[in-house]
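> Under our numbering, think of the first position of the sequence shown as 344, with each following residue one higher. All C-beta atoms in this analysis are idealised placements derived from N, C-alpha and C, irrespective of residue type, glycine included.
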Amino acid sequence: DGGLGDDNISGGLGDDTVDGGAGNDSVAGDAGNDSMSGGDGSDTLSGGDGNDAANGGDGTDSIDGGLGDDNISGGLGDDTVDGGAGNDSVAGDAGNDSISGGDGSDSVNGGDGSDSIDSGSGSDTVDGGGGGTDLMAPEATVDLTPDSPGVSATLTATASASDADGGTVTLTYVWTLNGVIVKTTAGTSALSDELDLTSLDTQVQAGDEVAVAVTPNDGVLDGETKFDSVIIIEG
Numbered sequence: 344d345g346g347l348g349d350d351n352i353s354g355g356l357g358d359d360t361v362d363g364g365a366g367n368d369s370v371a372g373d374a375g376n377d378s379m380s381g382g383d384g385s386d387t388l389s390g391g392d393g394n395d396a397a398n399g400g401d402g403t404d405s406i407d408g409g410l411g412d413d414n415i416s417g418g419l420g421d422d423t424v425d426g427g428a429g430n431d432s433v434a435g436d437a438g439n440d441s442i443s444g445g446d447g448s449d450s451v452n453g454g455d456g457s458d459s460i461d462s463g464s465g466s467d468t469v470d471g472g473g474g475g476t477d478l479m480a481p482e483a484t485v486d487l488t489p490d491s492p493g494v495s496a497t498l499t500a501t502a503s504a505s506d507a508d509g510g511t512v513t514l515t516y517v518w519t520l521n522g523v524i525v526k527t528t529a530g531t532s533a534l535s536d537e538l539d540l541t542s543l544d545t546q547v548q549a550g551d552e553v554a555v556a557v558t559p560n561d562g563v564l565d566g567e568t569k570f571d572s573v574i575i576i577e578g
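1. Tell me, to the nearest whole angstrom, how far the beta carbon of leucine 419 is from that of aspartate 436; I am working on the premise that it is less than 8 Å.
2. Measuring CA to CA, which of Ile524, Ser353 and Asn521 is closest to aspartate 368?
3. Could you check what DSSP says for leucine 564 in three-state terms: helix, strand or coil?
4. According to DSSP, serine 535 sits in a beta bridge with which residue or residues?
5. Go ahead and label leucine 356 buried or exposed: buried means 16 or more other beta carbons lie within 10 angstroms of its beta carbon, across all protein chains shown.
6. Quick check: what's the CA-CA separation for glycine 493 versus threonine 531?
7. Where are the alpha helix (DSSP H) runs, 4 residues long or more, that stay fully inside the region 351 to 395, in chain order?
8. Strictly by DSSP, which residues pair up with valine 424?
9. Leaving out five residues before and five after aspartate 490 in sequence, what residues of the same chain have Cβ atoms less than 8 Å from its Cβ?
10. With contact counted as at least three CB pairs below 8 Å, one residue from each stretch, are the region 532 to 544 and the region 449 to 468 in contact?
11. Of all the options Asp395, Ser416 and Ala396, which has the alpha carbon lying nearest to the alpha carbon of threonine 403?
12. Please look up how many angstroms separate the CB atoms of glycine 366 and aspartate 349, rounded, as I've assumed it's under 8 Å.
13. Leaving out the 5 sequence neighbours to the left and right, which residues in its chain are closer than 6 Å to alanine 496 when beta-carbon positions are compared?
14. What's the C-alpha gap between aspartate 544 and valine 553?
15. Would you mind sorting glycine 390 into buried or exposed? The rule is 16 or more other CB atoms within 10 Å of its CB.
16. With DSSP run on the structure shown, which of helix, strand or coil describes leucine 487?
17. Of the choices Ala428, Gly382, Lys569 and Ile576, whose alpha-carbon is the least far from that of valine 547?
18. From what residue to what residue does the beta strand (DSSP E) around isoleucine 576 run?
19. Counting only the same chain and skipping the five closest in sequence on each side, list residues whose C-beta sits under 7 Å from that of threonine 360.
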């Protein structure tokens with residue numbers, strides 16, 4: 344128990360029970376299946392490895408579940424909550440919260456207040472909760488073809504876009520060659536974008552990697568960026 348004051352607590356190995364108490368605390372569960380409570384104050388909680396339970400308590404808290412299947416509650420206040428990897432249960436509770444489910448198949452509930460919710464990757468269940476106007480981040484997918492292009496191919500990124508709020512979604516496509524940006528198409532409603540490899544300043548060779556990143560935006564929120572890539576072959 345951290346008690347009064349601004350504490351820095353690390354659970355270390357094992358299954359720990361940690362209460363930050365009053366004050367603006369930093370609590371890390373580290374390895375193991377930990378139970379963490381921020382208590383009063385504006386706290387930072389990090390679950391680390393394991394299947395953790397985290398409650399921010401009162402105050403404006405920042406919570407990251409980390410790895411594992413976590414159960415996270417923001418508590419009172421305007422909290423920032425990220426489920427991290429794993430199949431998490433995430434609740435913003437009271438306040439105007441910013442919530443991300445992260446990777447995995449998550450259950451997300453905004454709770455009271457006007458919340459901003461990004462369900463993240465996976466097959467998620469989302470409930471905006473009561474009170475206020477909740478904003479749901481848009482979602483996108485992308486598929487890059489052909490799968491095995493030659494050095495003079497034209498690549499096509501085919502995307503999909505949706506927004507639970509019913510907003511108009513635009514997409515930003517960012518193309519890279521071996522990690523270096525070679526083309527950006529920003530803020531378009533088009534569900535496809537092309538890259539002609541022969542138009543690049545850099546000579547494309549067999550073994551090079553071409554990737555595309557697609558980020559959706561509904562005019563208020565960016566959704567999670569999705570990626571696809573291919574390896575160039577001879578021909």
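Based on what the coordinates show:
1. 7 Å
2. Ser353
3. coil
4. Looking at the DSSP assignment, serine 535 forms a beta bridge with Thr501.
5. The residue in question, leucine 356, is exposed, as its Cβ has fewer than 16 Cβ neighbours within 10 Å.
6. Distance between the alpha carbons of glycine 493 and threonine 531 is about 27 Å.
7. none
8. Note: valine 424 sits in a beta bridge opposite Ile406 and Ile442.
9. Contacts found: Val573.
10. Segments in contact, no.
11. Residue Ser416 is the option with its Cα nearest to threonine 403.
12. 4 Å
13. Leu540
14. 14 Å
15. buried
16. strand
17. Ile576
18. Note, isoleucine 576: premise wrong, no beta strand (DSSP E); not H, not E.
19. Excluding sequence positions up to five before and after threonine 360, its CB lies within less than 7 Å of the CB of Ser378, all in the same chain and listed in chain order.
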